[in-house]
Amino acid sequence: MIRVDGLGAVADGHRLLRDVSFAVPAGGVLAVVGPSGSGKSTLGRALLGEVGPGVRLTGRVEIDGRVVGPGTPAPGGLVGYVPQQPSAALTPVRRVGPVLHEIARRHRPVPGRRARRVAVREAVRAVLTRVGLPADTDTLRRYPHQLSGGQQQRLVIAHALLAGARVLVADEPTTGQDGLHRRDVAAELRRLAATGVTVVLLSHDLHLVRAIADTAIVLDRGVVAAAGPAHTVVGEPTRSAPAARPDAGSPPVEALLRAEALTAAHRGTTVLHGVDVTLGDAQCLALIGRSGSGKTTLARCLAGLHRPDTGTVTLDGRRLHASLDRRDPADLAAVQYVFQDPRASFHPYAPVLAQVTRPAVRLRRQGPADVLAAARALLDQVGLDRDLVTRRPERLSGGELQRAALVRALLTRPRLLVCDEITSGLDGVNRDRILTLLDELRQAHRLALLVITHDPEVVRLADRVVVLDHGRVVEHGRAADLPAGARSPLTRALLDPAIALPATTPDTEEMSRT
């Protein structure tokens with residue numbers, strides 16, 4: 026089904042891929058793994074006959090016997106692509122329902138207007154159920170930005186399934202997904218392969234790779250460093266992040282941030298129900314829950330990005346205004362937000378470094394030279410090449426942009442840093458590097474962290490954990506007590522990194538329906 030021979034890619038004199046060759050049969054699952062910036066996404070786009078700005082391809086790509094390239098893209102519907110940042114594949118000004126119905130009409134010709142309408146409606150309902158999204162009017166009427174990152178990911182997969190793709194390129198499909206839906210995604214990709222769909226999986230999620238891939242290749246700086254059966258190429262995932270912090274009845278710390286009785290809604294639908302959260306000075310609080318449980322809405326309320334219907338947010342005992350545009354510069358600097366989708370938080374036409382330094386200059390009134398020096402030091406700490414950040418965002422990978430976004434937030438010297446799935450697009454090495462840096466900054470500068478995550482390794486670094494489900498706190502306690510001491514089966518399922526197929530127990534199936 027797929028044959029790649031001698032594929033190379035060059036941009037601005039930098040070699041992105043060098044002599045990459047492989048073949049995948051119909052129904053096969055190939056995993057492509059490697060660190061951020063190793064060329065995985067460039068390879069994935071080449072399979073669609075697409076290239077990034079300024080990228081030149083050499084070599085040969087065949088899909089189902091047809092040569093694919095920038096001048097001869099894959100025929101519509103033949104290859105589906107699920108990007109690392111799903112919002113990039115969704116039209117922001119169109120509601121979910123009309124787009125799904127349009128795709129279904131285009132790829133499911135049924136004679137007769139009435140019969141076609143019924144067939145389209147049933148196809149849309151079936152595909153939403155298949156990917157774990159509610160097949161109801163509320164979902165169909167939403168815009169993409171009103172969905173969580175995990176829900177956007179599943180919606181993009183639904184688009185590809187509706188189009189009848191015979192090849193699916195999945196770029197980090199479990200990014201931003203909770204443990205339950207990671208298993209659902211794994212099972213769905215494996216089911217697709219069983220029906221003859223060829224799957225190319227670009228992923229940092231080694232549990233996912235071991236669970237579903239037949240073969241794997243490892244890319245390192247655009248070169249194939251290893252190839253073979255997935256279970257031999259990708260060993261058991263290892264733990265190299267900083268050790269969990271012991272908690273032996275440490276004394277209570279003074280509250281830095283306090284949110285009380287927060288209620289919030291989207292388009293009249295209440296998504297937070299009287300939530301209380303307290304975060305101490307220099308503490309790390311992990312906020313977990315299934316996709317769409319209200320985690321991001323809660324975090325946005327704390328940062329002033331979403332106005333709650335009721336409730337208050339205080340920082341150092343002083344009430345923060347509910348709207349971001351009413352907060353003064355000191356308050357804006359004190360609470361910084363690192364978004365799940367880094368690409369959406371950067372202007373596409375300005376150099377990354379200029380955007381990284383601007384908030385600190387504006388909010389802290391620091392001199393540009395001082396901010397630039399501090400930025401370069403932090404960029405070194407997160408492993409970003411200084412030359413790389415002089416480019417536009419389009420020339421950086423998702424993981425590289427995420428690290429740049431973190432540096433931008435840290436330069437304002439915040440009291441509270443809100444991290445929304447900031448490690449989800451990173452390979453293990455860079456994830457551990459970021460976690461170590463955050464832990465060091467927390468101790469050295471009394472930085473408080475609110476971390477939204479689906480990654481058990483990130484949860485291990487937290488002092489306390491809050492579990493949200495359907496907009497309500499269903500469990501909270503010390504991170505050191507979890508998952509062994511969890512009261513809720515949901516908490517235990519969310520904190521289990523392993524993916525076992527089939528992942529079907531009645532309780533898990535019921536919990537995964539949102």
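Using this note's numbering, the first residue of the sequence shown is number 26, and each one after it goes up by one.
C-beta atoms are modelled at their ideal positions from N, C-alpha and C, and glycine is treated no differently.
All values reported here derive from a predicted model rather than from experimental measurement.
Query                                                                                                                   : Result
Beta-carbon proximity check, Phe300 vs Val498, cutoff 9 Å                                                               : Here the sequence assigns Val to residue 300, which means Phe is not the residue at that position. Contact: yes.
Unbroken alpha helix (DSSP H) run spanning His256, endpoints                                                            : Ala255 to Val258
Burial state of Ala379 (16 or more Cβ within 10 Å)                                                                      : exposed
Contained beta strand (DSSP E) runs [length at least 3] in the segment 396-447, N- to C-terminal order                  : 441-445
Residue from Leu451, Ala284, Val396 and Thr461 with nearest C-alpha to Gln365                                           : Leu451
Backbone CA spacing between Pro439 and Ala358 [nearest angstrom]                                                        : 6 Å
Cβ-Cβ distance between Leu193 and Leu180 below 9 Å                                                                      : no
Val86 versus Thr116: straight-line alpha-carbon distance, rounded                                                       : 29 Å
9 Å Cβ cutoff met for Ala402 and Thr337                                                                                 : no
For Val491, the three-state DSSP class (helix, strand or coil)                                                          : strand
Cβ neighbour criterion (16 or more within 10 Å) applied to Pro134                                                       : exposed
Distance between Pro111 and Arg368 (C-alpha atoms, nearest Å)                                                           : 11 Å
Residues that DSSP places opposite Glu500 in a beta bridge                                                              : Val492
Validate contact between the segment 148-161 and the segment 96-114 using beta carbons, cut 8 Å, 3 pairs                : no
Short Cβ contact (9 Å threshold) for Gly253 with Ala236                                                                 : no
Outcome for Ala509 when other beta-carbon atoms lying within 10 angstroms are tallied against a minimum of 16           : exposed
Contact check, Thr223 vs Leu55, beta carbons under 9 Å                                                                  : yes
Classification of Asp506 by the beta-carbon crowding that lies within 10 angstroms, buried from 16 upward               : exposed
Contact the segment 440-448 vs the segment 387-394: 3+ CB pairs below 8 Å                                               : no
Option in Thr164, Glu147, Gly96 and Pro100 with minimal Cα separation from Arg119                                       : Thr164
Cβ-Cβ separation, Leu72 to Val225 (assumed contact under 8 Å), whole Å                                                  : 6 Å
Backbone CA spacing between Arg485 and Cys309 [nearest angstrom]                                                        : 10 Å
Where Ser46 sits in the DSSP three-state scheme                                                                         : strand
As assigned by DSSP and simplified to three states, the class of Gln178                                                 : helix
Length of the line joining the Cα atoms of Arg397 and Val432                                                            : The question names Arg, but residue 397 in the sequence shown is Leu. Approximately 11 Å, taken between the alpha carbons.
Identity of the residues DSSP links to Cys326 by a beta bridge                                                          : DSSP output for Cys326 lists no bridge partner at all.
Best match in Pro98, Val302, Thr303 and Gly247 for proximity to Asp89 [C-alpha to C-alpha]                              : Pro98
Residues of its chain near Thr415, where Cβ-Cβ distance is below 6 Å and the 5 sequence neighbours each way are ignored : Pro376 and Leu378
Nearest to Ala34 (by Cα), restricted to the options Phe371, Gly62 and Leu103                                            : Gly62
Any alpha helix (DSSP H) of 4 or more consecutive residues that is wholly inside the segment 334-386                    : 354-359
Those residues which DSSP pairs with Arg512 across a bridge                                                             : Note: Arg512 sits in no beta bridge, so no partner.
Pick from Ala148, Arg191, Leu312 and Asp230 that is closest to Thr516, judged by C-alpha positions                      : Leu312
Environment of Pro333 [buried if 16+ CB atoms lie within 10 Å]                                                          : buried
Pairwise C-alpha distance: Ala255 and Pro50                                                                             : 15 Å
Supposed close pair Thr303, Ala286 - CB separation, criterion 8 Å                                                       : Contact doesn't hold; Cβ gap of about 13 Å is too wide.
Where the alpha helix (DSSP H) containing Ala148 begins and where it ends                                               : Arg138 to Val156
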